[in-house]
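Protein chains: 2
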Amino acid sequence: MANLVIDSREIPQYSVESVLDAVIWGDALEVLPKLPDEMADMVFIDPPYFLQLPQKRLLRWKVKTIVEGVDEDWDKFESFESYDQFIITILKEVKRIMKARATIWCIGTYHNIHRIGKLMQDLGFWILNDVIWVKTNAMPNWLNVRFTNATETLIWAVKDKSVKGYTFNAEIARRFSKGKLAINVWELPICIGEERLKDGQGKKLHPTQKPKALLERVILISTKEGDIVFDPLAGTGTTGVVAKCLNRHFVMIEKRQEYVEACLKRLSQEITQPALWRSDEK
Amino acid sequence: MANLVIDSREIPQYSVESVLDAVIWGDALEVLPKLPDEMADMVFIDPPYFLQLPQKRLLRWKVKTIVEGVDEDWDKFESFESYDQFIITILKEVKRIMKARATIWCIGTYHNIHRIGKLMQDLGFWILNDVIWVKTNAMPNWLNVRFTNATETLIWAVKDKSVKGYTFNAEIARRFSKGKLAINVWELPICIGEERLKDGQGKKLHPTQKPKALLERVILISTKEGDIVFDPLAGTGTTGVVAKCLNRHFVMIEKRQEYVEACLKRLSQEITQPALWRSDEK
DNA sequence: CAAAGTCCTGAATCATATG
DNA sequence: ACATATGATTCAGGACTTT
Numbered sequence: 001m002a003n004l005v006i007d008s009r010e011i012p013q014y015s016v017e018s019v020l021d022a023v024i025w026g027d028a029l030e031v032l033p034k035l036p037d038e039m040a041d042m043v044f045i046d047p048p049y050f051l052q053l054p055q056k057r058l059l060r061w062k063v064k065t066i067v068e069g070v071d072e073d074w075d076k077f078e079s080f081e082s083y084d085q086f087i088i089t090i091l092k093e094v095k096r097i098m099k100a101r102a103t104i105w106c107i108g109t110y111h112n113i114h115r116i117g118k119l120m121q122d123l124g125f126w127i128l129n130d131v132i133w134v135k136t137n138a139m140p141n142w143l144n145v146r147f148t149n150a151t152e153t154l155i156w157a158v159k160d161k162s163v164k165g166y167t168f169n170a171e172i173a174r175r176f177s178k179g180k181l182a183i184n185v186w187e188l189p190i191c192i193g194e195e196r197l198k199d200g201q202g203k204k205l206h207p208t209q210k211p212k213a214l215l216e217r218v219i220l221i222s223t224k225e226g227d228i229v230f231d232p233l234a235g236t237g238t239t240g241v242v243a244k245c246l247n248r249h250f251v252m253i254e255k256r257q258e259y260v261e262a263c264l265k266r267l268s269q270e271i272t273q274p275a276l277w278r279s280d281e282k
Numbered sequence: 283m284a285n286l287v288i289d290s291r292e293i294p295q296y297s298v299e300s301v302l303d304a305v306i307w308g309d310a311l312e313v314l315p316k317l318p319d320e321m322a323d324m325v326f327i328d329p330p331y332f333l334q335l336p337q338k339r340l341l342r343w344k345v346k347t348i349v350e351g352v353d354e355d356w357d358k359f360e361s362f363e364s365y366d367q368f369i370i371t372i373l374k375e376v377k378r379i380m381k382a383r384a385t386i387w388c389i390g391t392y393h394n395i396h397r398i399g400k401l402m403q404d405l406g407f408w409i410l411n412d413v414i415w416v417k418t419n420a421m422p423n424w425l426n427v428r429f430t431n432a433t434e435t436l437i438w439a440v441k442d443k444s445v446k447g448y449t450f451n452a453e454i455a456r457r458f459s460k461g462k463l464a465i466n467v468w469e470l471p472i473c474i475g476e477e478r479l480k481d482g483q484g485k486k487l488h489p490t491q492k493p494k495a496l497l498e499r500v501i502l503i504s505t506k507e508g509d510i511v512f513d514p515l516a517g518t519g520t521t522g523v524v525a526k527c528l529n530r531h532f533v534m535i536e537k538r539q540e541y542v543e544a545c546l547k548r549l550s551q552e553i554t555q556p557a558l559w560r561s562d563e564k
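Chains A and B, in that order, are what the protein sequence lines are.
Okay, so the first sequence: first residue is 1 according to the numbering used here, each after it adds one.
Okay, so the second sequence: first residue is 283 according to the numbering used here, each after it adds one.
In structure tokens, the structure reads:
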């Protein structure tokens, strides 16, 4: 079902055909330059959030269990500058890979989304909206020293100010927000339960797996059937899975072996009708 | 009732006493360096958003009226770079003027808030939260080419990562969001009706007047009675008016004469109990 | 006077066709 | 490249007018 492309130094350049509906196993920084110009109709990027969590573990008060935060190598950067460099490098390549009327979505929290937004503007991207994902089941802030952060922000943009005629399916967008208008606020639970992938030990496989219902909204609103959706930092591949469920093509890049394996497994098992996980009922 | 301080070149330095509960009529860039270190317990900044609206007017099709967008000199900048310089200059001075455990709020939309957030991080500010203001009566996007932008974002931060013991009144914060937790999402209407200031011709005096209910939330949650709230870009003075209503002190700077006059008038007329405009009922 | 209907407008980076 | 004309007509809330 799913195509696997193992990146290597011998490969100088990819054709669209060779990566269509494929997971490319490799480092995005190395793979991106090999992808063709104007390949993608839409790009979804879920970059590391650079959370800068303290080393000491957070203990739940009552049950005395440790909160499993994000403690992956891929979320560690030496400084804001090195984080910015990572983002800039990817965004520049992505811009080249976007079709003229393609749009791009970047998701993040207050830790990183503002950096990304400013860097996008500096690179010439023209922001169309930010969309607020209100998580209906966010983890409370027990210490009461700040608000419970229940939101993530998606920035939606085109390549530059002059772009017209990008895809925006307004009728569909109206379904996903409260009220009659297509408002830039979405209420959705975070990914838990059966949808959440586990490793051999029953631990969550990926710390920030995005819900399929979120990608459904992104893809339905900003692409047409047959379009190519590109995700250069695929993780466990929610983008590609949802794209296929909705009759779109995907191209994904992922570096970590266990995530690539998860992508392939999901692509062979989860290509179903969206009915089970969609959430567009008002 | 309200103190007016007219800034001039002869004034080299202000004492706290000389500006307490005063509107300083002058250019923030000139006044800020004259204000004392560690004066403020909390800072609220509502900077120009740099909207970059097109020159052509937007016409309502049926009623043939023009949408009165923001077309003020103070929202015009030559480039992102010059906008950034304006923000950086103000933020640096503000940081000096903040007490060690003070907090700062900056409000904006996707046009500018990401720039501000990144610049704040680069200046060492440590973001505690972003708070999403969901506007219940935002203007629709009736051409259906993007989402109706119904939100503004408030970034809430301390001077640096090490700051502890800042004021966060969690009990009050819980009242302002849905559910039992103090969530970072506030639903509030934009400022219209009787609260909205008009000029002699019945036109809105300020294009972006903030509702008192918004400032009430900010001030109640992040200050104590008797604290000094500082607003270097005061506009029509909502910050000071609400501060006085809630038994806090204020210091405000405003450049434009008609806004200063509005501040003084409001400070002499609107210092009432908050009951009339507050909106903390669940 | 109350109720119902009309009109106006809000931090907006809102489109397309023709000349 | 500009300027100008035309058009597919959304929602909430307050002010005002009519019934």
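We put the beta carbon where it would ideally sit given N, CA and C, even for glycine.
From a predicted model like this one, the values you see are computed outputs, not experimental measurements.
Secondary structure of residue i, DSSP reduced to three states
i, result
"isoleucine 271 of chain A", "coil"
"glycine 240 of chain A", "helix"
"phenylalanine 168 of chain A", "coil"
"aspartate 75 of chain A", "helix"
"cysteine 191 of chain A", "coil"
"leucine 410 of chain B", "strand"
"aspartate 27 of chain A", "coil"
"isoleucine 221 of chain A", "helix"
"glutamate 17 of chain A", "helix"
"glutamate 540 of chain B", "helix"
"leucine 286 of chain B", "strand"
"phenylalanine 250 of chain A", "strand"
"arginine 174 of chain A", "helix"
"valine 134 of chain A", "strand"
"leucine 154 of chain A", "strand"
"isoleucine 425 of chain B", "It should be pointed out that residue 425 of chain B corresponds to leucine in this sequence rather than to isoleucine. Note: leucine 425 of chain B maps to coil in three-state DSSP."
"alanine 234 of chain A", "coil"
"alanine 495 of chain B", "helix"
"phenylalanine 44 of chain A", "strand"
"methionine 120 of chain A", "helix"
"isoleucine 11 of chain A", "coil"
Beta-carbon spacing of residue i, residue j below 7 Å
i, j, result
"leucine 32 of chain A", "tyrosine 14 of chain A", "no"
"threonine 385 of chain B", "methionine 324 of chain B", "yes"
"histidine 393 of chain B", "phenylalanine 332 of chain B", "yes"
"arginine 383 of chain B", "valine 298 of chain B", "no"
"threonine 430 of chain B", "asparagine 423 of chain B", "yes"
"tryptophan 25 of chain A", "isoleucine 6 of chain A", "yes"
"glutamate 216 of chain A", "valine 242 of chain A", "yes"
"threonine 505 of chain B", "threonine 449 of chain B", "yes"
"isoleucine 113 of chain A", "threonine 153 of chain A", "yes"
"valine 500 of chain B", "valine 305 of chain B", "no"
"alanine 531 of chain B", "aspartate 303 of chain B", "Going by the sequence as given, residue 531 of chain B is histidine instead of alanine. Cβ distance < 7 Å, so histidine 531 of chain B and aspartate 303 of chain B count as in contact."
"valine 70 of chain A", "proline 232 of chain A", "no"
Own chain, CB closer than 7 Å to residue i, minus 5 neighbours either side, in chain order
i, result
"aspartate 481 of chain B", "Leu487"
"aspartate 75 of chain A", "Pro48, Tyr49, Phe50 and Leu51"
"alanine 182 of chain A", "Ala170, Ala173 and Arg174"
"arginine 278 of chain A", "Ala213 and Glu216"
Given residue i as reference, the closest of the options once Cα atoms are compared
i, options, result
"leucine 264 of chain A", "A:Arg248, A:Gly237 and A:Val242", "A:Gly237"
"asparagine 529 of chain B", "B:Gly522, B:Val511 and B:Glu507", "B:Glu507"
"aspartate 73 of chain A", "A:Ile192, A:Arg256, A:Gly117 and A:Glu261", "A:Arg256"
"proline 556 of chain B", "B:Leu496, B:Trp387 and B:Phe407", "B:Leu496"
"proline 54 of chain A", "B:Ser459, B:Lys443 and B:His396", "B:Lys443"
"aspartate 328 of chain B", "B:Phe368, B:Phe362, B:Ser364 and B:Glu363", "B:Phe368"
"serine 82 of chain A", "A:Ile107, A:Asp21 and A:Arg115", "A:Arg115"
"lysine 212 of chain A", "A:Ser8, A:Lys99, A:Ala28 and A:Ile190", "A:Ile190"
"alanine 310 of chain B", "B:Phe512, B:Asn426, B:Gln551 and B:His531", "B:Phe512"
"phenylalanine 458 of chain B", "B:Ile414, B:Ala516 and B:Asn426", "B:Ile414"
"phenylalanine 125 of chain A", "A:Thr136, A:Lys159, A:Lys99 and A:Val145", "A:Lys159"
Residues near residue i by beta carbon distance below 6 Å, same chain, minus five either side
i, result
"lysine 526 of chain B", "Ile553"
"isoleucine 292 of chain A", "Given a span of 1 to 282 for chain A in the structure shown, any question on residue 292 of chain A remains unanswerable."
"asparagine 411 of chain B", "Trp438 and Asn466"
Own chain residues within Cβ distance below 8 Å of residue i, not counting five before or after
i, result
"leucine 123 of chain A", "Ile88, Leu91, Lys92 and Lys95"
"tryptophan 134 of chain A", "For clarity, residue 134 of chain A is valine in the given sequence; the question names tryptophan instead. Only Ala150, Thr151, Val185, Trp186, Glu187 and Leu188 meet the Cβ criterion."
"isoleucine 409 of chain B", "Gly399, Met402, Gln403, Ile437, Trp438 and Ala439"
Identify each residue in the stretch 123-135 of chain A for which the Cβ-Cβ distance to at least one residue of chain B is less than 7 Å, and report them in chain order. The residues in question are Ile127, Leu128, Asn129, Asp130, Val131, Ile132 and Val134.
Taking a cut of 8 Å between CB atoms, which residues from the stretch 362-389 of chain B lie near chain A? Listed by position, the residues of the stretch 362-389 of chain B near chain A (Cβ gap below 8 Å) are Phe362.
At a Cβ cut of 8 Å, what residues of the stretch 460-488 of chain B count as close to chain A, listed as they run along the chain? If the cut-off is 8 Å between Cβ atoms, the stretch 460-488 of chain B has Leu463, Ala464, Ile465, Asn466 and Val467 near chain A.
Output, in sequence order along the chain, the residues in the stretch 109-121 of chain A whose CB is closer than 9 Å to any CB in chain B. Of all residues in the stretch 109-121 of chain A, only Thr109, Tyr110, His111, Ile113, His114, Arg115, Ile116, Gly117, Lys118, Leu119, Met120 and Gln121 place a beta-carbon less than 9 Å from a beta-carbon of chain B.
Output needed in chain order: residues of the stretch 486-510 of chain B with a Cβ under 7 Å from some Cβ in chain A. Within the stretch 486-510 of chain B, no residue qualifies.
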